[in-house]
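Have a look at the structure below, then the notes.
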Amino acid sequence: MTSPHPDRRALVREGLAVGLATGLYGTSFGAVGVTSGLSVLQTCALSLLVFTGASQFAFIGVLAAGGSPWSGAATGLMLGARNTLYGLRLTPLLAWRGWRRAGAAHLVIDESSAVAGTASTVPDARVGFLVTGGAVFALWNLMTLVGALAGTALGDPRTYGLDAAVGAAFLALLWPRLQDSSARRVALVAAALALVLVPATPAGVPVLAAASVALVAAALPGRPAPTEGADA
Amino acid sequence: MTTTWAALLALAAGCYLLKLAGLSLPTGVLERPFVRRAALALPVALLAALVAVQTAADGSSVVVDARAAGLAVAVVALLLRANFLVVVVLAAATAALLRLVTG
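Below, the structure written as structure tokens:
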């Protein structure tokens, strides 16, 4: 009775909260970016133009490990492919065409897709998508700059454990994706394959090679859906 | 430096086109089981490999050092449902502290 759009208010609140939380960890991206050898401008350009956290972390992670920028970009691109999947799900919910669709595309990320996906009508989905995507974009970029400026003042990143922070950041991004046992198997095999390849291949290659584990897993026939899987 | 910029801009263009493709392709693409399973499994495999390499690779050798301790603390924090920033800061603090203590 109190509000004509209770759903929409909840979506806005959720979107702003997600934006704040995600934006704050932009600080860690900024700091790690400059300590991986990028300039402040390059670190900020990643957040502005790539704007999908896992791909950005992958790019700087490969660079920090001594890999070439191109293998970093290839890893980042493969991680960015999940945004295509989100877009496919969002298309009927957002129902935008033309320049609106072209503009909205830049905001298609984990967080905006998750919030918009909970809406039940097109107007609600659009509000949830724009509030979340906009809040994350503004704060992620602002905090990247803050982190990058702080990072340049730090000196050796190892003293502050920033090298350990990168691994933890990837784990935190991975964690919510490990709900079902087939995902956990893919993760374990991919991690093992990457470690086996570390001594044998140039930096950056082990991670790229691990993508093959996902393709093999996807090609295996007769996988039960996670909801029907009884194995643990 | 120029190579880094070129790769960075290529990544930006590619990531944007991947997002736009999702909003532009016919929805039926998602219904192909292989596409769906691959799109879900790809980030899992890549992120797991990145965790492993970031934590245990030192140049071309595999080592267990302060980063592994940081990752172990991150696992505990995640099990306790800590948020992203807390997980990252705790991992960094653990590795930094361990290095401070062990010299």
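Heads up: the protein sequence lines correspond to chains A and B, in order. Converting from the first sequence to this note's numbering requires adding 23 to each position, the first position being numbered 1. Converting from the second sequence to this note's numbering requires adding 357 to each position, the first position being numbered 1. Glycine residues also receive a C-beta, built at the ideal position from the N, C-alpha and C atoms. All values derive from a computational prediction rather than experimental measurement.
Straight-line CA distance for residue i to residue j?
i: valine 376 of chain B; j: threonine 107 of chain A; result: In the sequence under discussion, the amino acid at residue 376 of chain B is lysine, which differs from the valine named in the question. If you take the alpha carbons of lysine 376 of chain B and threonine 107 of chain A, they lie about 5 angstroms apart.
i: valine 458 of chain B; j: alanine 142 of chain A; result: 51 angstroms
i: threonine 175 of chain A; j: leucine 366 of chain B; result: 22 angstroms
i: glycine 190 of chain A; j: leucine 220 of chain A; result: 18 angstroms
i: phenylalanine 8 of chain A; j: alanine 171 of chain A; result: Any question about residue 8 of chain A goes unanswered here, given that chain A covers just 24 to 255.
i: alanine 173 of chain A; j: leucine 437 of chain B; result: 29 angstroms
i: valine 145 of chain A; j: leucine 116 of chain A; result: 5 angstroms
i: arginine 393 of chain B; j: glutamine 411 of chain B; result: 28 angstroms
i: leucine 231 of chain A; j: glycine 157 of chain A; result: 31 angstroms
i: alanine 237 of chain A; j: isoleucine 132 of chain A; result: 21 angstroms
i: alanine 369 of chain B; j: alanine 137 of chain A; result: 22 angstroms
i: valine 445 of chain B; j: serine 91 of chain A; result: 25 angstroms
i: valine 419 of chain B; j: tyrosine 183 of chain A; result: 21 angstroms
i: threonine 399 of chain B; j: arginine 105 of chain A; result: Here the sequence assigns leucine to residue 399 of chain B, which means threonine is not the residue at that position. Answer to the nearest angstrom: the Cα atoms are 8 angstroms apart.
i: threonine 360 of chain B; j: threonine 66 of chain A; result: 15 angstroms
i: leucine 34 of chain A; j: proline 222 of chain A; result: 48 angstroms
i: serine 70 of chain A; j: arginine 456 of chain B; result: 31 angstroms
i: leucine 397 of chain B; j: alanine 240 of chain A; result: 10 angstroms
i: alanine 253 of chain A; j: serine 205 of chain A; result: Confidence at alanine 253 of chain A is low in this model, with a pLDDT of 37, below 50, so its placement is unreliable and no value can be given for it.
i: glycine 460 of chain B; j: alanine 148 of chain A; result: 53 angstroms
i: leucine 168 of chain A; j: asparagine 440 of chain B; result: 21 angstroms
i: proline 199 of chain A; j: leucine 211 of chain A; result: 15 angstroms
i: leucine 243 of chain A; j: aspartate 415 of chain B; result: 34 angstroms
i: leucine 218 of chain A; j: valine 401 of chain B; result: 16 angstroms
i: aspartate 186 of chain A; j: alanine 363 of chain B; result: 25 angstroms
i: valine 159 of chain A; j: glycine 38 of chain A; result: 9 angstroms
i: glycine 126 of chain A; j: alanine 233 of chain A; result: 33 angstroms
Assuming residue i is part of the alpha helix (DSSP H), what are its boundary residues?
i: tryptophan 198 of chain A; result: Run containing tryptophan 198 of chain A: none; DSSP gives neither H nor E here.
i: aspartate 133 of chain A; result: 133–140
i: leucine 454 of chain B; result: 441–459
i: valine 386 of chain B; result: Neither: valine 386 of chain B is in no alpha helix (DSSP H) and is coded neither H nor E.
i: alanine 168 of chain A; result: The question names alanine, but residue 168 of chain A is leucine in the sequence shown. Here the alpha helix (DSSP H) through leucine 168 of chain A covers 145–175.
Pop quiz: residue i and residue j are said to be a contact at Cβ under 8 angstroms. What is the actual Cβ separation, rounded to whole angstroms?
i: leucine 404 of chain B; j: leucine 197 of chain A; result: 4 angstroms
i: threonine 98 of chain A; j: alanine 81 of chain A; result: 4 angstroms
i: leucine 531 of chain B; j: phenylalanine 74 of chain A; result: Residue 531 of chain B lies beyond the residue range present for chain B, which begins at 358 and ends at 460; the question has no answer from this structure.
i: alanine 188 of chain A; j: glycine 89 of chain A; result: That pair is no contact at about 18 angstroms.
i: leucine 100 of chain A; j: cysteine 372 of chain B; result: 7 angstroms
i: glycine 46 of chain A; j: leucine 162 of chain A; result: 2 angstroms
i: alanine 434 of chain B; j: valine 443 of chain B; result: 6 angstroms
Provide the residue(s) that pair with residue i in DSSP beta bridges, ordered along the chain.
i: alanine 414 of chain B; result: B/Val419
Quiz prompt | Every unbroken alpha helix (DSSP H) inside the segment 60–123 of chain A [4 residues or more] | solution = 63–68, 76–87, 92–117
Practice problem: Enumerate, from N- to C-terminal direction, the unbroken beta strand (DSSP E) stretches of 3 or more residues contained entirely within the segment 187–240 of chain A. | Solution: none
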